[in-house]
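Just so you know, we're using full-length UniProt numbering here: the sequence shown kicks off at 1 and counts up by one. Beta carbons: idealized from backbone N, C-alpha and C, even for Gly. Following: one structure in structure tokens, then a few remarks.
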Amino acid sequence: MSQFDSASFLKTVPHKPGIYQMFNDKQTIIYVGKAKDLNNRLKSYFNNSKKTLKTDMLVSHIHHIEFTITNTETEALLLEQTYIKKYQPRYNVLLKDDKSYPFIKLSKEQHPQLSLYRGAVNRKKDEFFGPYPSGYAVKQILALLQKTFPIRQCLNSTYRNRTRPCLQYQIKRCLGPCVPGLVSDEDYLEQVNYVRLFLSGQSDQILQKITEDMQKASSELNFEKAAVLRDQLQAIKHINEKQAIYNNNDNLDVIGFHYELGLACIYVLFIRNGQTFGHRSYFPKVPSNTELEEVIETFLGQFYLQGNQNRNIPKKILLNFSLSDKQPLEETLSLIAEHQVKLVDEPKGDNLKLLNIATVNAQTEVKNKLLANSTIKQRYEGLKDFLKIDKINRMECFDISHFMGKNTIASCVVFDDKGPVKSEFRRYNITGITPGDDYAAMEQVLTRRYSKKDLPDEKVPDIIFIDGGKGQLNQALKVFEQLEVNWNKNHPILIGVAKGADRKEGLETLFFEAHGTGHYLDDHSPALLLIQQIRNASHDHAIVGQRKKGTKQLTDSALEHIEGIGAKRRQALLKHFGGLRELKNASIDEIAQVQGISKPLAEKIYLNLKQ
């Protein structure tokens with residue numbers, strides 16, 4: 001590789017804001033950065049007095065650099081985040097946070113429904129509260145609301161097709177608006193308003209409103225309603241006592257950062273209207289020898305500026321780390337949030353207490369993770385000693401799953417020296433074999449997996465585990481004998497894992513290429529614990545895939561024989577109603593409301609499903 005001519009290149013770089021992309025000799029982007037002054041920033045990479053170990057490594061791989069001039073530093077920051085998300089460069093700090101954040105949705109209907117919601121937010125159509133840090137947090141709040149405010153959480157298709165109230169009505173967790181006469185619209189909307197106040201964090205207003213309604217019901221001699229409101233009042237007071245960790249009604253994100261032994265944790269505590277909305281821990285990928293300020297800056301950029309555009313950015317973000325130049329980030333966050341956002345690194349009073357909570361939790365998360373990693377390392381060392389090999393970079397494990405010979409699925413899970421690599425887990429649909437023939441299924445998946453002649457060295461596993469014992473191992477050996485693969489190293493160690501007596505863990509038998517009588521490991525052996533972990537991951541991955549396939553087949557088979565219903569219309573119908581059962585309960589008019597379904601086609605669907 002020819003050395004990059006930095007002197008000639010820097011002569012072409014202006015003293016203006018912008019972003020730069022560094023490429024290696026394979027034309028892959030290895031780093032994306034932003035700068036207030038492109039020339040000064042890029043010059044620092046080639047200044048020997050300012051180089052770090054990370055910079056040395058990065059510069060040694062540079063083949064060429066491209067840059068884009070922007071009008072402002074804010075534009076540069078936004079563009080940088082776009083490129084980081086798109087290209088995931090090797091030397092950038094990367095935050096794996098692609099999941100959309102959940103909201104609580106309150107629908108705008110005659111009898112509004114409460115539900116968990118992910119996706120684009122249309123505030124004209126419905127009301128949304130959040131976002132929350134996790135789906136689990138939302139489910140907890142919905143369960144709490146159902147006990148306190150009995151408004152419906154059922155699917156619309158279920159609600160429209162009820163002729164008598166469900167169990168939720170019987171246990172007083174829903175007012176039963178699905179059945180006429182059980183609750184008046186006025187009483188139902190009164191409860192909806194309580195929910196709206198509760199989710200908006202307006203604790204004082206909701207207590208005052210329920211007190212007024214309770215006194216009114218009492219003065220009208222409606223003692224039954226007054227008693228219900230009294231119980232609600234007590235329940236809300238109890239909830240507020242449990243939730244209130246902060247006396248002010250501020251909206252804050254509290255960010256505690258801790259870095260130790262190459263592992264970074266960022267613990268975010270979400271405070272809305274003075275109450276905790278939950279918390280979430282993040283472990284960004286940090287390249288070796290990265291400056292800690294870059295970790296924090298990049299996290300804040302990716303967390304608030306990438307991904308879900310519906311995230312509410314609070315007015316204050318508390319940090320336990322001082323940034324040398326936080327103004328551009330504050331200006332960018334304020335632009336996106338459409339209100340002023342301040343990064344506070346020296347809070348006082350209650351804010352300091354909150355920041356200490358986040359910091360302590362970040363430290364605890366790192367310690368727990370390092371402890372888990374040391375356990376994983378111990379297991380890998382045990383397996384290396386048992387197999388008498390120097391290193392384990394990659395392992396793969398295969399399992400077969402089917403239901404009475406049908407819907408056969410093969411799974412492949414991948415582990416590296418740090419544990420499972422879930423992004424490389426795969427499932428294979430097995431076709432063209434005799435139902436229930438696991439040997440043929442194993443032959444097919446191994447052939448499909450390893451028949452590529454140009455398989456890169458890093459994708460060749462050191463060990464392949466075959467769940468199924470000696471018979472399946474023999475099948476695997478036959479496959480490898482027939483494969484025309486030019487391995488640059490010896491082909492992987494093949495190990496068959498046979499289940500123990502009564503399928504109990506700890507009694508597994510291990511079969512090697514030499515066959516023989518099999519080998520046993522002590523049930524507390526770190527090596528066996530690692531093998532069990534890999535085998536169980538493969539088994540679970542196969543079972544989940546097989547069940548999904550079975551469910552899809554059952555659903556599709558009920559619709560696919562109806563003329564005029566193709567894959568897209570099947571998908572639209574099931575998405576609209578939430579499932580086949582709800583579709584079967586729908587009326588012709590309701591089916592015709594689905595996009596792409598005409599009235600005559602809706603009649604055909606209705607009649608076919610009834611039959």
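- Task: Under the assumption that residue 138 contacts residue 102 (Cβ atoms under 8 Å), give the Cβ distance between them as a whole number of angstroms.
- Result: Taking the first residue of the sequence shown as position 1, residue 138 is located at position 138. Taking the first residue of the sequence shown as position 1, residue 102 is located at position 102. At roughly 5 Å, the Cβ-Cβ gap stays under 8 Å, so residue 138 and residue 102 are in contact.
- Item | Bridge partners - residue 64, DSSP secondary structure assignment | Here residue 64 is taken as the residue at index 64 of the sequence shown, counted from 1. The partner list for residue 64 (beta bridge, DSSP) reads 23.
- By Cβ distance, which residues of its chain are closer than 6 Å to residue 515, with the 5 residues on each side in sequence left out? Position 515 of the sequence shown, counted from the first residue, corresponds to residue 515. Model confidence at residue 515 stands at a pLDDT of 48, short of 50, so the residue's coordinates are unreliable and nothing is read from them.
- List the whole-angstrom C-beta distance separating residue 21 from residue 66, where the pair is believed to meet the contact cut-off of C-beta under 8 Å. Your numbering for residue 21 matches position 21 in the sequence shown. Your numbering for residue 66 matches position 66 in the sequence shown. The pair is a contact, with the Cβ atoms about 5 Å apart (cut-off 8 Å).
- Do residue 464 and residue 396 come within 8 Å of each other at the CB atom, strictly closer than that value? Along the sequence shown, read from residue 1 onward, the residue named residue 396 stands at position 396. Along the sequence shown, read from residue 1 onward, the residue named residue 464 stands at position 464. Yes, Cβ-Cβ distance for residue 396 and residue 464 is below 8 Å.
- With 16 other CB atoms within 10 Å as the buried threshold, where does residue 152 fall? Walking along the sequence shown from the start, residue 152 turns up at place 152. With 16 or more other Cβ atoms within 10 Å, it is buried.
- Task: Please go through the segment 431-471 and give each complete alpha helix (DSSP H) segment of 4 or more residues, from N-terminal end onward.
- Result: 438-450
- For residue 315, which of 336, 298, 301, 299 has the nearest alpha-carbon? As a position in the sequence shown, residue 315 is number 315, starting the count at 1. Among 336, 298, 301, 299, the Cα nearest to that of residue 315 is on 336.
- Beta-carbon proximity of residue 79 to residue 19, cut-off 8 Å: In the sequence shown, the residue the question calls residue 79 occupies position 79. In the sequence shown, the residue the question calls residue 19 occupies position 19. It is a contact, given that the beta carbons lie within the stated cut-off.
- Return the bridge partner residues of residue 498 from the DSSP annotation. Numbered from 1 along the sequence shown, position 498 holds the residue referred to as residue 498. Paired residues: 509.
- Query: Shortest alpha-carbon distance to residue 408 belongs to which of 33, 185, 399?
  - Reply: Your numbering for residue 408 matches position 408 in the sequence shown. Taking only the C-alpha atoms, the option nearest residue 408 is 399.
- Task: Give me the Cα-Cα distance between residue 83 and residue 32, rounded to the nearest whole angstrom.
- Result: Here residue 83 refers to the residue found at position 83 when the sequence shown is read from its first residue. Here residue 32 refers to the residue found at position 32 when the sequence shown is read from its first residue. When rounded, the distance between both Cα atoms is 7 Å.
- Look at residue 380 and residue 438 and say whether their C-beta atoms are less than 8 Å apart. Locating residue 380 in the sequence shown gives position 380, counting from the first residue. Locating residue 438 in the sequence shown gives position 438, counting from the first residue. For residue 380 and residue 438, no; Cβs fall outside 8 Å.
- Task: Go through its chain and collect everything with a Cβ distance to residue 15's Cβ below 8 Å, but skip five positions before and after it.
- Result: For the purposes of this step, residue 15 is taken as the residue at position 15 of the sequence shown. Contacts found: 37, 38, 39, 40.
- Query: Considering only the beta carbon of each residue, do residue 467 and residue 535 sit closer than 8 Å?
  - Reply: Locating residue 467 in the sequence shown gives position 467, counting from the first residue. Locating residue 535 in the sequence shown gives position 535, counting from the first residue. Contact flag set, yes.
- Distance, residue 574 Cα to residue 580 Cα: Locating residue 580 in the sequence shown gives position 580, counting from the first residue. Locating residue 574 in the sequence shown gives position 574, counting from the first residue. Each residue's alpha carbon lies about 6 Å from the other.
- Would you say the beta carbon of residue 440 comes nearer than 7 Å to a heavy atom of the ligand ADP? With respect to the ligand ADP, the structure shown offers nothing to examine, as it has no ligands at all.
- Taking only runs of the beta strand (DSSP E) that begin and end inside the segment 310-348, which ones reach a length of at least 3 residues, in chain order? 316-319, 342-344
- Three-state secondary structure (DSSP) at residue 420? Translated into positions along the sequence shown, residue 420 becomes position 420. In the structure shown, residue 420 sits in a strand (DSSP, three-state: E or B).
- Query: With a CB to CB cut of under 6 Å and the five nearest residues on each side skipped, what residues in its chain are close to residue 169?
  - Reply: Residue 169 sits at position 169 when you count from the first residue of the sequence shown. Around residue 169: 176.
- Which partner residues does residue 107 have in the DSSP bridge list? As a first step, residue 107 must be located in the sequence shown, where it is residue number 107. Note: residue 107 sits in a beta bridge opposite 126.
- Where does residue 429 sit, in a helix, a strand or coil, going by DSSP? Counting from one through the sequence shown, the residue named residue 429 turns up at place 429. In the structure shown, residue 429 sits in a strand (DSSP, three-state: E or B).
- Query: Are residue 512 and residue 531 close, meaning C-beta to C-beta below 8 Å?
  - Reply: Counting from 1 along the sequence shown, the entry for residue 512 is found at position 512. Counting from 1 along the sequence shown, the entry for residue 531 is found at position 531. No.
- Keeping to the same chain, check which residues put their C-beta closer than 8 Å to that of residue 519; ignore five residues upstream and five downstream. Looking up residue 519 in the sequence shown gives position 519. The answer, listed in chain order, is 509, 510, 511, 512.
- Item | Expected contact under 8 Å - CB spacing of residue 282 and residue 295 to nearest Å | For the purposes of this step, residue 282 is taken as residue 282 along the sequence shown, with counting starting at 1. For the purposes of this step, residue 295 is taken as residue 295 along the sequence shown, with counting starting at 1. Actually they are not in contact, since the Cβ atoms of residue 282 and residue 295 sit about 11 Å apart, beyond 8 Å.
- First through last residue of the alpha helix (DSSP H) which encompasses residue 577: For this step, residue 577 is matched to residue 577 along the sequence shown. Where residue 577 is concerned, the enclosing alpha helix (DSSP H) stretches over 567-577.
- Which whole-angstrom value is the C-beta distance of residue 414 and residue 430, which I expect to be below 8 Å? Here residue 414 refers to the residue found at position 414 when the sequence shown is read from its first residue. Here residue 430 refers to the residue found at position 430 when the sequence shown is read from its first residue. Not really, about 19 Å apart at Cβ, beyond 8 Å.
- alpha helix (DSSP H) segment containing residue 88, residue limits: Here residue 88 corresponds to residue number 88 of the sequence shown, with the count starting at 1. That residue, residue 88, is in no alpha helix (DSSP H); it is neither H nor E in DSSP.
- Query: Should residue 297 go down as buried or exposed, given a rule of 16 or more other Cβ atoms within 10 Å for buried?
  - Reply: The residue labelled residue 297 in the question sits at position 297 within the sequence shown. Classification for residue 297: buried.
- Is it right to say residue 411 is buried, meaning 16 or more other beta carbons lie within 10 angstroms of its own, or is it exposed? Start at 1 with the first residue of the sequence shown, and residue 411 comes out as number 411. The residue is buried, with at least 16 neighbouring Cβ atoms inside 10 Å.
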